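Residue numbers (my numbering): -11 to 472.
Every residue gets a Cβ at the ideal spot worked out from N, C-alpha and C, and that includes glycine.
Keep in mind that this is a model prediction, so the values were computed, not measured.
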Amino acid sequence: MSVSQRTLLHYIGAVIILTIYGSRVCPFMDGLSVAALLFYLAVGYGAAFIARELGYQTICRRRREDRLTCQLRLDVMLFLALALLFTVVQMGVFGFPIESAAKLSTGVLGLGFFITVDLWLFGQEKLAEEIAEDGQRWRLRENYLPMKVKYILFAFSALVVMLIMLSLLIIKDVVWLVEHRAEYTQFQLISGVIVEFAFMGTVFGAYGYVIIRGYAHHLQLFLDEQVRVLSYVGEGNLSERVTVMSHDEFGHIARKTNHSLAELETKDSEIANTRDATILGLASLAEARDNETGAHIQRTQHYVKTLALQLRTQPRYLRELDDATIELMYKSAPLHDAGKVGIPDHILLKPGKLTDEEFEIMKQHPSIGSQAIKVAEKALGTESSFLAMAREISEFHHEKWDGSGYPYGLKGGHIPLSARLMAVADVYDALISKRVYKPAFSHDKAKDIIVEGRGSHFDPLIVQAFLECEGDFKSIAATYKDPD
């Protein structure tokens, strides 16, 4: 429902209510037929509706930050003008006395008060939806009317309106009872009064319910928006912001929430950057002892990410390889050979083939790296998805699909997916890189060796993913090539 449609419904309701009210409360109005009174009120409210539409669409709607204030002023002015118009017409055209005209005008202003408040609340709701849809932010005013004051003003004003209108009804009924007590039975007199009070009570109750519901809905919108953003924060996403919907306490709470989230996002980014730099530094130390270069770390990082993205195109891995998991693999990959720092130099740097005894020692480096990361996890005291992923890659990336790998001889799907991805990335990079004990192989030769290891060394599906993105592997190798 649009603001215009809600306004039209209110005005139609006001015409019906005032037709009944005018014929019952205003002593001279009963001289008019119901149809004439209905037509008289409909013309007045119809003109007011047209004037409101013109004013709202041409002035208020264009000024987003002041729209509600503009709308409030427009409605107040229209109902004042409408009450004045009805007074003038009743006295000038129909010749009714001022007390009769004043009673109808009081009814117009009383209903106008409730209609104005409801349209203001509804306009606030529609404005909030508009802001949420286009994502634009607006500047909050530092000076605003506190919610406590708004509630007090509304409660006091509503009480005054009800007291005035009920007082007019009571006065009219007392006069009517005195004048007609001889014409009707006691039951008829009492029934007539009860019906009128029931009608007024129903009108006040209905408008009160609508306005209270509007306030509650406004509060619910704010709470839902806070919960929505906090749910993202709980998932680690600090980039979401609360939509600032109003110039009040809720708007300022939203602004302060956004300010706090921005600070947290900055600090989180600093921590993440520091972590990444530290990881690269530690990984570079391990690679430096192995006569590797920092480019190996970068290449294997990107290989793993490329493989994961390609593997995700297969339905069975769509949920497992979400963006957060792939990014975690990418960040953790540099620590895959961190355990090499625990291997003696005469074995790690040996240019020739290792003896069986030396190879057994070399095979300890996945466990050494895993234990080192476990120490970090224990010191942290809480679960860390990053450290868990780094430990997983470090500990299992030398396992083979057929169970002939080390350190545990895991087989098939028992090997973590991250380690299976790293196995292909690490072997490919070792094959295309120059070592003291071998020359650099071409991409095609490295590809043939990996394809040959499908189902024995490597996960067949990951090998297939490798073949589908081998062009990306070649580009990564060219971008992060070793220095001459």
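Secondary structure of residue i, DSSP reduced to three states
i: K426; result: strand
i: R201; result: helix
i: S257; result: helix
i: S(-8); result: helix
i: F16; result: With a pLDDT of only 47 at F16, under 50, the local geometry of the prediction cannot be trusted, and the value read off the model is given with reservation. Note: F16 maps to coil in three-state DSSP.
i: R216; result: helix
i: Q298; result: helix
i: D264; result: helix
i: Y396; result: coil
i: P354; result: helix
i: I8; result: helix
i: P339; result: coil
i: M233; result: coil
i: R307; result: coil
i: I420; result: helix
i: E380; result: helix
i: G1; result: helix
i: P322; result: helix
i: H290; result: helix
i: G369; result: coil
i: I529; result: This structure gives no information on residue 529, because the portion of the chain shown stretches from -11 to 472.
i: H386; result: coil
i: G32; result: helix
i: G391; result: coil
i: I158; result: helix
Beta-bridge partners of residue i, as assigned by DSSP
i: D142; result: Before going on, a small fix: residue 142 reads as Phe here, not Asp. DSSP, once it has assigned bridges, lists no residue as partnering F142.
i: F446; result: R442
Unbroken alpha helix (DSSP H) run spanning residue i, endpoints
i: E228; result: No alpha helix (DSSP H) holds E228; DSSP gives it neither H nor E.
i: G459; result: 458 to 467
Residue i to residue j span [Cα, whole Å]
i: A250; j: A378; result: 28 Å
i: G189; j: I182; result: 10 Å
i: K351; j: R216; result: 49 Å
i: D333; j: Y468; result: 27 Å
i: E456; j: A283; result: 23 Å
i: T301; j: F454; result: 12 Å
i: G100; j: V64; result: 8 Å
i: V31; j: L107; result: 21 Å
i: F74; j: V232; result: 41 Å
i: L26; j: V105; result: 25 Å
i: D325; j: E118; result: 53 Å
i: T94; j: I241; result: 39 Å
i: R40; j: V96; result: 16 Å
i: F16; j: D212; result: Any reading at F16 must be qualified, since the residue scores a pLDDT of 47, below 50, and its modelled position is unreliable; the value itself is stated next. Rounded to whole angstroms, F16 to D212 spans 52 Å at the Cα level.
i: T7; j: A71; result: 14 Å
i: N261; j: K255; result: 10 Å
i: R287; j: S430; result: 16 Å
i: Q452; j: M(-11); result: 54 Å
i: K338; j: V424; result: 9 Å
i: Y28; j: M153; result: 21 Å
i: S392; j: G369; result: 35 Å
i: F142; j: L218; result: 32 Å
i: V137; j: K244; result: 22 Å
i: H247; j: S227; result: 11 Å
i: I267; j: V439; result: 31 Å
i: Y9; j: T46; result: 34 Å
i: A35; j: F67; result: 11 Å
i: S320; j: K362; result: 14 Å
i: V475; j: Q208; result: In the structure as shown, the chain begins at -11 and stops at 472. Residue 475 is therefore absent and cannot be evaluated.
i: K426; j: D414; result: 16 Å
i: V148; j: N225; result: 50 Å
i: A376; j: S(-8); result: 57 Å
i: G196; j: M150; result: 11 Å
i: L42; j: L115; result: 19 Å
Beta-carbon separation (whole angstroms), residue i vs residue j, contact threshold 8 Å
i: S421; j: D470; result: 7 Å
i: A210; j: F238; result: Note on identity: in this sequence residue 210 is Phe, with Ala being the wrong assignment. Yes, F210 and F238 are in contact; Cβ-Cβ is about 4 Å, under 8 Å.
i: H385; j: A407; result: 5 Å
i: I199; j: L109; result: 7 Å
i: S355; j: E383; result: 7 Å
i: D447; j: W389; result: 6 Å
i: H206; j: Q59; result: Not really, about 15 Å apart at Cβ, beyond 8 Å.
i: V3; j: Y33; result: 5 Å
i: Y291; j: Y416; result: 6 Å
i: L552; j: A434; result: As displayed, the chain neither begins before -11 nor continues past 472, which places residue 552 out of reach and without an answer.
i: L316; j: S373; result: 6 Å
i: L409; j: L297; result: Contact flag wrong, Cβ pair sits at about 11 Å.
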